[in-house]
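Okay, so here's the structure we're looking at.
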Amino acid sequence: MEELEQIAAEIRACTACILHRGRTLAVPGEGPADATIVFVGEAPGFHEDQQGRPFVGQAGQFLEELLASIGLRRDQVYITNIVKCRPPGNRDPLPDEIAACSPYLDRQLALIRPKLVVTLGRFSMAHFLPRARISEVHGQPQRVGGIICYPMYHPAAALHQPALRRTVEEDFRRIPEVLAKAEGVAEYQPPPQPEQLRLF
Ligand code: URA
Numbered sequence: 001m002e003e004l005e006q007i008a009a010e011i012r013a014c015t016a017c018i019l020h021r022g023r024t025l026a027v028p029g030e031g032p033a034d035a036t037i038v039f040v041g042e043a044p045g046f047h048e049d050q051q052g053r054p055f056v057g058q059a060g061q062f063l064e065e066l067l068a069s070i071g072l073r074r075d076q077v078y079i080t081n082i083v084k085c086r087p088p089g090n091r092d093p094l095p096d097e098i099a100a101c102s103p104y105l106d107r108q109l110a111l112i113r114p115k116l117v118v119t120l121g122r123f124s125m126a127h128f129l130p131r132a133r134i135s136e137v138h139g140q141p142q143r144v145g146g147i148i149c150y151p152m153y154h155p156a157a158a159l160h161q162p163a164l165r166r167t168v169e170e171d172f173r174r175i176p177e178v179l180a181k182a183e184g185v186a187e188y189q190p191p192p193q194p195e196q197l198r199l200f
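Quick note: the sequence shown, position 52, residue 52 per the numbering used here, numbers continuous.
Dropping the structure here:
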């Protein structure tokens with residue numbers, strides 16, 4: 001079995017936290033195994049739990065519009081969540097649920113090795129930037145170990161707050177530029193040694 005599919009199978013059978021009891025379907029994530037960008041949301045909502053796919057409700061519709069604004073379709077990026085099963089009534093995920101589930105995300109990222117991880121909302125941001133405040137760091141790429149993390153507000157929050165919506169749209173439009181810089185970082189070559197310079 002392909003390794004990402006192996007992780008997905010483990011997630012579908014997971015009983016590591018209480019959320020497995022209320023789920024219809026777990027939502028492992030979807031997208032190309034070699035995606036350049038990974039989007040990490042919070043947790044499945046009603047529709048995601050029904051379908052077993054991430055971001056298929058209203059927030060997903062908005063995410064697709066945002067992707068289109070930078071010339072991307074959802075099947076060109078990997079989309080997942082920090083918590084893979086729906087919390088009851090869409091409540092916030094609890095620390096022990098995040099702790100139980102986030103190793104799956106780490107394993108997915110280790111296989112995909114994206115150039116950029118875009119976190120949607122504060123729960124996925126906190127996994128990479130535990131001390132950051134989203135109001136201070138949104139729209140600013142952060143290097144965390146070998147990963148470039150680009151924190152954004154959650155699209156669902158933006159749907160209900162017009163001012164935030166503009167911020168999300170602006171932060172999103174900067175993704176191509178942030179990605180180009182992230183790729184530059186990965187391809188960074190040390191400057192030539194002095195001996196080499198003397199040849200010219
Ligand atoms: N919101 C999320 O954070 N994730 C989804 O999959 C859907 C809505």
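Heads up, the beta-carbon is just placed ideally off N, CA and C, and yes, glycines get one too.
Note that the structure is a prediction, hence the values are computed from the model and not measured.
Buried versus exposed, by CB contacts within 10 Å (16 or more), residue i
i, result
"V144", "exposed"
"N90", "exposed"
"K115", "buried"
"E136", "exposed"
"L111", "exposed"
"D49", "buried"
"P28", "buried"
"P93", "buried"
"A100", "buried"
"A9", "exposed"
"P141", "buried"
"G121", "buried"
"H138", "buried"
"P155", "buried"
Alpha-carbon to alpha-carbon, residue j and residue i
i, j, result
"R113", "A13", "25 Å"
"V168", "E3", "33 Å"
"V201", "P54", "The structure shown does not extend to residue 201, since the chain is modelled only from 1 through 200, so no value can be given for it."
"P95", "A180", "34 Å"
"Y150", "Q51", "28 Å"
"Q58", "G31", "19 Å"
"A171", "L164", "For the record, residue 171 in the displayed sequence is Asp; it is not Ala. The alpha-carbon atoms of D171 and L164 are separated by roughly 10 Å."
"Y78", "E5", "13 Å"
"Q108", "E97", "17 Å"
"A33", "R23", "25 Å"
"L25", "I11", "10 Å"
"Q161", "Y104", "32 Å"
"D75", "A158", "23 Å"
"T36", "D106", "16 Å"
"F39", "A182", "15 Å"
Reduced DSSP secondary structure (H/G/I, E/B, other) of residue i
i, result
"V40", "strand"
"V178", "helix"
"R165", "helix"
"I11", "helix"
"Q140", "coil"
"C85", "coil"
"P151", "strand"
Check your understanding: Counting Cβ pairs, one atom from each stretch, are 3 or more of them under 8 Å apart for the stretch 5–19 and the stretch 66–75?
Key -> Remark: fewer than three beta-carbon pairs, one from each stretch, lie closer than 8 Å, so the stretch 5–19 and the stretch 66–75 are not flagged as touching.
Check your understanding: If we count Cβ pairs, one from each stretch, closer than 8 Å, do we get three or more for the stretch 126–146 versus the stretch 50–63?
Key -> no
Practice item. Would you check if there are 3 or more beta carbon pairs closer than 8 Å linking the stretch 35–45 to the stretch 76–85? Key: yes
Check your understanding: Using the beta carbon as the reference atom, which residues fall closer than 7 Å to any heavy atom of the ligand URA, ordered along the chain?
Key -> V27, G41, E42, A43, P44, G45, E48, P54, F55, G57, A59, G60, N81, L120, G121, H154, A156
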